[in-house]
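Engineer:
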Amino acid sequence: MSAGLYIHIPFCRTKCPYCDFYSLPSLSLVPKWLEAVQKEIFIYRLLFPIFDSLYLGGGTPTVLTQSQWSGLMEGIFTHFAFSPSAEVTVEANPDDVTEGLMGHLRGLGVNRISLGVQSFDDQELHGLGRRHTSHSAMEAIRCIRHLGFNNLGLDLMYGLPGQTQAQWLKILKKAVDFSPEHLSCYQLTIQEETPFGKMRDKGDMQLPDEEAQRALFILTSSFLEQEGYLQYEISNFAKGREFICLHNMKYWQHFPYLGLGPSAHSFQGNRRWWNLKSVEGYCEVLAGGRRPVADEEILTREQQDLESLMLGLRTMEGVELDRLGDRSQSERVLRVLEGTGLVRVEDGRIMPTREGFLVADSLPLLFSP
Amino acid sequence: MSNIRNFSIIAHIDHGKSTLADRLIQYAGLVSDRQFRDQILDTMDIERERGITIKSNSVALPYTSKAGEEFVLNLIDTPGHVDFSYEVSRSLSSCEGALLLVDAAQGVEAQTVSNVYMAMEHDLIIIPVINKIDLPSADVERTKEQIETELGLDSESCILCSAKEGIGIEEVLEGIVERIPRPNGKEENPLTALLFDAYYDSFRGVIISCRLFDGRVRTGDIIRFMSNDATYKVEEVGVFRLRREPKDELCAGEVGYIISGIKTVSDTSIGDTITLDVHPALVPLPGFKEVKPVVFSSLYPISSDDYPSIVEALEKYKLNDAALVYQKDSSTALGQGFRCGFLGLLHLEIVQKRLETEYDQSFIMTVPSVQYQFTLQDGTTVTVDNPQYYPDPGSIKSTAEPFIKANILIPERYMGAVMKLCIDRRGVNSRFNYPTPGRIEIFFDMPLAEVIVDFYDELKTVTHGYGSFDYEMIGYRESNLVKLDILVNGEPVDALSIIVHADRAREWGVRMCDRLKDEIPRHQFKIAVQGAIGGKIISRSTISPFRKDVTAKCYGGDVTRKRKLLEKQKKGKKRMKMVGSVMIPQNAFVAVLKSNKD
Numbered sequence: 001m002s003a004g005l006y007i008h009i010p011f012c013r014t015k016c017p018y019c020d021f022y023s024l025p026s027l028s029l030v031p032k033w034l035e036a037v038q039k040e041i042f043i044y045r046l047l048f049p050i051f052d053s054l055y056l057g058g059g060t061p062t063v064l065t066q067s068q069w070s071g072l073m074e075g076i077f078t079h080f081a082f083s084p085s086a087e088v089t090v091e092a093n094p095d096d097v098t099e100g101l102m103g104h105l106r107g108l109g110v111n112r113i114s115l116g117v118q119s120f121d122d123q124e125l126h127g128l129g130r131r132h133t134s135h136s137a138m139e140a141i142r143c144i145r146h147l148g149f150n151n152l153g154l155d156l157m158y159g160l161p162g163q164t165q166a167q168w169l170k171i172l173k174k175a176v177d178f179s180p181e182h183l184s185c186y187q188l189t190i191q192e193e194t195p196f197g198k199m200r201d202k203g204d205m206q207l208p209d210e211e212a213q214r215a216l217f218i219l220t221s222s223f224l225e226q227e228g229y230l231q232y233e234i235s236n237f238a239k240g241r242e243f244i245c246l247h248n249m250k251y252w253q254h255f256p257y258l259g260l261g262p263s264a265h266s267f268q269g270n271r272r273w274w275n276l277k278s279v280e281g282y283c284e285v286l287a288g289g290r291r292p293v294a295d296e297e298i299l300t301r302e303q304q305d306l307e308s309l310m311l312g313l314r315t316m317e318g319v320e321l322d323r324l325g326d327r328s329q330s331e332r333v334l335r336v337l338e339g340t341g342l343v344r345v346e347d348g349r350i351m352p353t354r355e356g357f358l359v360a361d362s363l364p365l366l367f368s369p
Numbered sequence: 370m371s372n373i374r375n376f377s378i379i380a381h382i383d384h385g386k387s388t389l390a391d392r393l394i395q396y397a398g399l400v401s402d403r404q405f406r407d408q409i410l411d412t413m414d415i416e417r418e419r420g421i422t423i424k425s426n427s428v429a430l431p432y433t434s435k436a437g438e439e440f441v442l443n444l445i446d447t448p449g450h451v452d453f454s455y456e457v458s459r460s461l462s463s464c465e466g467a468l469l470l471v472d473a474a475q476g477v478e479a480q481t482v483s484n485v486y487m488a489m490e491h492d493l494i495i496i497p498v499i500n501k502i503d504l505p506s507a508d509v510e511r512t513k514e515q516i517e518t519e520l521g522l523d524s525e526s527c528i529l530c531s532a533k534e535g536i537g538i539e540e541v542l543e544g545i546v547e548r549i550p551r552p553n554g555k556e557e558n559p560l561t562a563l564l565f566d567a568y569y570d571s572f573r574g575v576i577i578s579c580r581l582f583d584g585r586v587r588t589g590d591i592i593r594f595m596s597n598d599a600t601y602k603v604e605e606v607g608v609f610r611l612r613r614e615p616k617d618e619l620c621a622g623e624v625g626y627i628i629s630g631i632k633t634v635s636d637t638s639i640g641d642t643i644t645l646d647v648h649p650a651l652v653p654l655p656g657f658k659e660v661k662p663v664v665f666s667s668l669y670p671i672s673s674d675d676y677p678s679i680v681e682a683l684e685k686y687k688l689n690d691a692a693l694v695y696q697k698d699s700s701t702a703l704g705q706g707f708r709c710g711f712l713g714l715l716h717l718e719i720v721q722k723r724l725e726t727e728y729d730q731s732f733i734m735t736v737p738s739v740q741y742q743f744t745l746q747d748g749t750t751v752t753v754d755n756p757q758y759y760p761d762p763g764s765i766k767s768t769a770e771p772f773i774k775a776n777i778l779i780p781e782r783y784m785g786a787v788m789k790l791c792i793d794r795r796g797v798n799s800r801f802n803y804p805t806p807g808r809i810e811i812f813f814d815m816p817l818a819e820v821i822v823d824f825y826d827e828l829k830t831v832t833h834g835y836g837s838f839d840y841e842m843i844g845y846r847e848s849n850l851v852k853l854d855i856l857v858n859g860e861p862v863d864a865l866s867i868i869v870h871a872d873r874a875r876e877w878g879v880r881m882c883d884r885l886k887d888e889i890p891r892h893q894f895k896i897a898v899q900g901a902i903g904g905k906i907i908s909r910s911t912i913s914p915f916r917k918d919v920t921a922k923c924y925g926g927d928v929t930r931k932r933k934l935l936e937k938q939k940k941g942k943k944r945m946k947m948v949g950s951v952m953i954p955q956n957a958f959v960a961v962l963k964s965n966k967d
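As you go down the protein sequences, you meet chains A and B in turn. The first sequence: position 90 = 90 (our numbering), numbered continuously. Take the position in the second sequence, starting the count at 1, then add 369; the result is the number in our numbering.
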């Protein structure tokens with residue numbers, strides 16, 4: 001596996017009330033941003049010899065026009081080298097999916113689409129503040145398939161206020177009917193500083209309780225397993241190993257990645273750095289010929305181990321036993337966790353079970369010294 | 370020497386001893402008003418924080434009497450809490466007189482009584498001083514009556530003052546000059562100096578506080594400790610005037626310090642007599658009773674890596690607190706540590722707090738225990754202060770535990786509540802005394818183990834703060850004891866075992882399980898906490914697991930934030946001890962004994 005390249009496209013037509021990713025609800029700065037990104041690409045052109053994944057995320061990448069896309073991709077492919085089989089993903093919003101745009105993207109080398117469906121229930125979609133409907137989502141899937149994309153991922157959200165297991169199962173079934181190669185099922189998390197966060201603080205939004213969330217998670221993973229999907233990460237499912245999202249695995253396996261665009265994060269060796277958040281600031285600094293880095297950190301050995309543990313325990317691959325701290329103490333913890341069915345130990349690796357996934361946030365604490 | 374007076378202030382806790390000392394110091398002009406701070410003799414953080422005095426301290430006050438004569442008044446400050454009564458005894462040995470401070474609103478309390486007896490044992494002249502006369506609730510007449518009837522002192526000789534308001538301070542000083550006798554010793558005689566305290570200074574080594582009875586000592590003299598014949602060359606002598614003030618010599622009757630290159634406080638023994646190597650005294654001064662620890666607890670580093678630093682901290686700490694004793698100890702659950710002996714629970718808490726704040730250590734202290742005696746079938750007797758070393762139950766013939774005589778003084782209306790409290794704690798043999806109308810003095814024989822944990826707090830609660838308490842050890846009594854073990858997820862946690870009376874075992878088992886249920890955080894799996902006696906489960910509680918905590922997304926931009934959160938949680942975990950697979954917060958090891966009311 002080589003390094004991954006991420007480009008952050010920080011624009012949306014409208015902001016969704018649950019989302020805390022950085023993006024602007026206006027497209028006026030797109031041309032300026034494009035210019036800046038080209039500069040950033042040039043600055044980093046020599047940092048990595050080769051990439052095997054490219055991920056264009058946002059925001060809403062599909063707000064770019066075809067000619068803007070051509071310019072961006074040309075810049076990327078001119079200055080960065082990619083392996084022939086590289087995974088090239090674009091995040092798409094069902095509303096923006098047209099035969100024209102998708103065909104164009106395919107022509108530019110995009111071979112994987114991650115479609116932000118979120119739900120197949122119009123009422124839920126409305127509640128989530130999405131622009132599209134269940135109908136337009138299905139149209140978008142058909143269109144993408146029609147154009148010959150054979151690696152399609154659908155994003156879904158569950159654990160919405162008031163959502164029952166039956167409602168969620170219905171949506172899951174609809175998704176599976178399209179046989180997507182990949183599914184991301186995210187349990188709704190309320191973030192501070194979002195409209196949903198404010199509603200929660202006022203008491204206007206009540207998520208399912210711990211037990212209900214747990215039941216929904218288990219329903220998701222057992223249903224998808226039965227449908228032949230591999231839960232390779234807490235929220236990610238692939239129809240076979242070949243459809244595991246190569247790019248995202250890099251985040252979880254401590255592989256190097258370069259992130260370009262406002263607020264994007266990069267990681268190499270023991271160094272992580274991240275860009276300025278604001279589009280204006282980002283463009284300004286690049287116009288001055290400087291790197292738009294907001295800050296960076298150098299990880300100590302201990303921090304690297306902690307991250308490996310924290311990220312690895314989110315995936316089905318787990319982590320190598322060697323990564324665990326104090327051996328004798330870890331052995332005792334391992335025995336208990338195995339006994340309670342939270343992890344499995346195989347081939348020198350510790351791997352979380354379904355129940356283990358549910359408590360993955362705190363598992364690392366049991367091991368780290 | 371005729372112009373020297375050596376005195377202490379004895380008082381119940383909160384009766385204003387430190388405030389009076391502050392006023393006397395200010396009157397003597399040792400500090401400007403600007404430099405002054407309350408409780409000026411209490412230099413330790415913990416003393417100031419809790420408003421208590423732990424260590425004895427002395428200060429030489431210059432005073433010109435009304436008659437125009439110049440005096441040096443040596444005030445030797447003493448602690449007020451029962452745990453530190455040995456310190457009081459030490460200080461009193463160095464004085465000819467004592468101010469007995471009684472709060473005009475609170476009246477005479479149990480500790481006042483025992484302090485007066487202690488002063489009488491040392492043949493001191495006692496000057497009763499009634500303090501806080503400015504309070505609206507002050508009842509001077511009633512207090513005088515108590516002083517007369519409960520203490521047998523002449524109430525006409527009482528001096529009235531308000532240390533807080535600065536009323537009557539001069540009268541107190543005149544009283545000291547007029548009534549307390551001058552020290553009687555001879556400068557020509559061979560040196561006899563009573564070593565009544567010692568503390569460690571990182572620049573000068575051990576500083577000895579002493580009272581000279583006969584003779585003189587100056588820089589360059591070779592002094593000899595009469596207990597072990599060790600000799601040292603005197604580097605400096607002087608007196609304390611809030612800071613050390615060097616002098617050419619110290620003479621009979623004076624109170625001061627000696628610095629002589631002694632490396633650790635344990636090289637000195639409190640109560641020892643210091644004499645000169647060249648002209649030694651023939652007979653030492655009467656010393657003090659050796660202080661014996663009564664409460665024991667083990668101390669373990671949170672992480673075994675911290676062991677060396679704990680060793681160092683204990684060694685340093687011990688330099689200044691000779692009353693702490695410790696030796697190596699080890700526990701299956703907690704690893705290598707130390708078994709420590711304390712004078713009482715307050716002493717334990719103070720040591721714990723000072724090691725944490727002044728020495729920056731993080732550690733676990735186990736459930737405190739007293740020293741039990743076991744007579745075995747073969748006739749031998751073993752003393753056990755650590756439940757880990759509880760003898761094989763089959764080999765035990767009889768068991769005994771230390772008892773105290775509790776002396777409790779309360780307004781009559783609380784009698785029922787206090788009786789109940791004492792009986793609940795296995796008090797027997799009650800006797801009563803009605804020293805003055807409306808007040809009652811209760812005596813109980815009680816197991817020390819029942820008193821060390823939170824008896825004093827409970828007494829304060831049931832008497833709304835009016836109860837006072839003092840105790841003395843009265844020896845061992847036969848008692849039906851058992852060892853109560855605590856199992857966490859089936860694993861016995863040796864550091865949580867306690868020795869208890871059989872009749873109280875179930876109650877303790879239930880209390881400890883309930884308490885641990887509150888103290889141990891939820892884990893990813895179910896935790897069973899059980900109390901057991903010899904394999905038989907007598908109590909149980911269950912800590913239900915949390916079953917979901919995972920966040921849905923973790924991509925490139927989330928990693929740093931998530932790691933930082935974990936790092937923060939890890940810091941919190943530092944205050945936990947991993948027992949098997951369960952994290953037990955360090956304060957749980959002591960908290961298990963406290964009642965669940967707070």
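We put the CB at the ideal spot given by N, CA and C, even for glycine. Treat the numbers as computed from the prediction; the structure is a model and nothing was measured.
In terms of residue numbering, what span does the beta strand (DSSP E) encompassing I779 of chain B cover?
Structural biologist: For I779 of chain B, the enclosing beta strand (DSSP E) begins and ends at I765 to P780.
Engineer: Take Q206 of chain A and list the residues in its own chain whose beta-carbon comes closer than 6 Å to its own, dropping the five residues that flank it on each side.
Structural biologist: P161
Engineer: In chain order, what residues of the same chain have a beta carbon less than 6 Å from the beta carbon of G706 of chain B, not counting five sequence neighbours either side?
Structural biologist: S667, L668, Y669 and D698
Engineer: Which term fits F711 of chain B, buried or exposed, when burial requires 16 or more other beta carbons within 10 angstroms of its beta carbon?
Structural biologist: Counting Cβ neighbours within 10 Å, F711 of chain B comes out buried, since at least 16 surround it.
Engineer: Fully enclosed by the stretch 206 to 259 of chain A, which beta strand (DSSP E) runs are 3 residues long or longer?
Structural biologist: 230 to 233 and 236 to 238
Engineer: Relative to the C-alpha of D598 of chain B, which residue among B:I643, B:R610 and B:L611 is closest?
Structural biologist: B:I643
Engineer: Quick check on D177 of chain A: does DSSP put it in helix, strand or coil?
Structural biologist: In the structure shown, D177 of chain A falls within a helical segment according to DSSP collapsed to helix, strand and coil.
Engineer: My assumption, with CB atoms under 8 Å, is that L120 of chain A sits in contact with A175 of chain A. Please give the rounded CB distance.
Structural biologist: Strictly speaking, residue 120 of chain A in this sequence is Phe, with Leu absent from that position. Confirmed, about 7 Å.
Engineer: Which residue's Cα is closest to the Cα of G900 of chain B: B:R930, B:T920, B:V862 and B:S913?
Structural biologist: B:V862
Engineer: With distances taken from CA atoms, which of B:L790, B:S531 and B:S764 is nearest D747 of chain B?
Structural biologist: With distances taken between Cα atoms, D747 of chain B lies closest to B:S764.
Engineer: So which residues of chain B does Q303 of chain A contact, with C-beta pairs closer than 7 Å?
Structural biologist: R932
Engineer: Nearest to E192 of chain A by CA position, among A:D20, A:Q118 and A:R323, is which residue?
Structural biologist: A:D20
Engineer: Counting along the chain, where does the beta strand (DSSP E) carrying R989 of chain B start and finish?
Structural biologist: The structure shown does not extend to residue 989 of chain B, since chain B is modelled only from 370 through 967, so no value can be given for it.
Engineer: So, does the CB of Y676 of chain B fall closer than 8 Å to a CB anywhere in chain A?
Structural biologist: no
Engineer: Indicate whether the contact test is met: 3 or more Cβ pairs, each with one atom in the stretch 541 to 552 of chain B and one in the stretch 461 to 473 of chain B, closer than 8 Å.
Structural biologist: yes
Engineer: Can at least three beta-carbon pairs, one atom from the stretch 116 to 133 of chain A and one from the stretch 201 to 218 of chain A, be found at a separation below 8 Å?
Structural biologist: no
Engineer: Rounded C-beta distance between S950 of chain B and R332 of chain A? I'm assuming under 8 Å.
Structural biologist: 6 Å
Engineer: For chain B, check one thing: does any of its Cβ atoms lie closer than 8 Å to the Cβ of D96 of chain A?
Structural biologist: no
Engineer: Closer than 9 Å by beta-carbon distance: list the chain B residues that pair up with V333 of chain A, in chain order.
Structural biologist: M947, G949 and S950
Engineer: Can you tell me whether DSSP reads H126 of chain A as helix, strand or coil?
Structural biologist: helix
Engineer: Around the C-beta of F801 of chain B, are 16 or more other C-beta atoms found within 10 angstroms, so that it is buried, or is it exposed?
Structural biologist: The residue in question, F801 of chain B, is exposed, as its Cβ has fewer than 16 Cβ neighbours within 10 Å.
Engineer: For N248 of chain A, go through chain B and note every residue whose CB falls closer than 8 Å to its CB, in chain order.
Structural biologist: Y924
Engineer: Among B:V471, B:F743, B:Y396 and B:Y695, which one has its Cα closest to the Cα of A429 of chain B?
Structural biologist: Shortest Cα-Cα distance from A429 of chain B to any of B:V471, B:F743, B:Y396 and B:Y695 involves B:Y396.
Engineer: By the criterion of Cβ-Cβ separation under 7 Å, what are the contact partners of S2 of chain A in chain B?
Structural biologist: Going along chain B, no residue has its Cβ under 7 Å from S2 of chain A, so there is no contact; the nearest lies around 16 Å.
Engineer: Using a 10 Å radius around the Cβ and a threshold of 16 neighbouring Cβ atoms, would you call F572 of chain B buried or exposed?
Structural biologist: exposed
Engineer: What does the alpha-carbon distance come out to for the pair K722 of chain B and Q329 of chain A?
Structural biologist: So the two alpha carbons sit approximately 29 Å from each other.
Engineer: When Cβ atoms are compared, which residues of the stretch 725 to 745 of chain B fall closer than 8 Å to chain A?
Structural biologist: Cβ contacts with chain A come from no residue of the stretch 725 to 745 of chain B.
Engineer: Alpha carbon to alpha carbon, how far is R880 of chain B from D927 of chain B?
Structural biologist: 43 Å
Engineer: Where W274 of chain A and H79 of chain A are concerned, what is the direct C-alpha to C-alpha distance, given to the nearest angstrom?
Structural biologist: 21 Å
Engineer: Using a Cβ-Cβ distance cut-off of 8 Å, determine whether Q165 of chain A contacts chain B.
Structural biologist: Taking Cβ atoms only, chain B never reaches closer than 8 Å to Q165 of chain A, which makes this a no.
Engineer: Between the stretch 336 to 351 of chain A and the stretch 315 to 328 of chain A, are three or more C-beta pairs nearer than 8 Å?
Structural biologist: Touching, yes, given that three or more Cβ pairs across the two stretches are closer than 8 Å.
Engineer: When the cut-off is 8 Å and only beta carbons count, does V359 of chain A lie next to chain E?
Structural biologist: No chain E is present in this structure, whose protein chains are A and B.
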